[in-house]
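In this note's numbering, the protein residues as written are 1 to 119. Just so you know, even glycine gets a beta-carbon here, dropped at the ideal spot from N, CA and C. The structure under discussion appears below in the form of structure tokens.
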Amino acid sequence: MDLLRDVLDKQLVDRNGVKMGKVDGIVAELGRDGPPRVIAIEVGAIVMARRLGRQPQQWMTWVASQLGGDRHSRPHRVAWRAVRRIGVDIEVDVAVSDTTIFAWQDWLRDHVVNKIPGA
1 MDLLRDVLDK QLVDRNGVKM GKVDGIVAEL GRDGPPRVIA IEVGAIVMAR RLGRQPQQWM
61 TWVASQLGGD RHSRPHRVAW RAVRRIGVDI EVDVAVSDTT IFAWQDWLRD HVVNKIPGA
């Protein structure tokens, strides 16, 4: 499997078929013996900013922590062992409702969009 081609930037779908966003990063662990081992996939703006460089990552981390607290200052990770199928989408055995991936969207809906007349 070519991780970059087959996993990175693919749609992540939870166990209930809810789209969780795109896979923005892959986390590997280096062991003393043998090749690196994939341990997680990452989702979120912080990971996307990291792909642009250190300064964009630091800025996005600061913004996320200011708006959502410390729990949002780290990328959202899904354990590699939760990956069930890799195809057009990446299907995982995780419910998005058990994560904080949509916390920012939920906050915007509750505090901004719901206050717009007719929204």
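Whole-angstrom C-beta distance between residue j and residue i, which should lie under 8 angstroms
i: I26; j: V38; result: 6 angstroms
i: I46; j: Q55; result: I46 to Q55, Cβ: 13 angstroms. No contact.
Residue range of the unbroken alpha helix (DSSP H) whose run includes residue i
i: D24; result: Looking at the DSSP string, D24 is not in any alpha helix (DSSP H), and its letter there is neither H nor E.
i: R5; result: L3 to D6
N- and C-terminal bounds of the beta strand (DSSP E) containing residue i
i: A79; result: H76 to A79
i: R85; result: V83 to I86
i: A45; result: Segment A45 to L52 is the alpha helix (DSSP H) holding A45; no beta strand (DSSP E) there.
7 angstroms Cβ shell around residue i - same chain, five flanking residues per side excluded
i: M48; result: D24
i: R85; result: E91
i: G31; result: R37
Whether residue i touches residue j by CB criterion (9 angstroms)
i: V78; j: A40; result: yes
i: N16; j: A95; result: yes
i: H76; j: T61; result: no
Own chain residues within Cβ distance below 8 angstroms of residue i, not counting five before or after
i: K22; result: D9, K10, Q11, L12 and V43
Cβ neighbours of residue i in the same chain (closer than 6 angstroms, five flanking residues each side left out)
i: V18; result: V96
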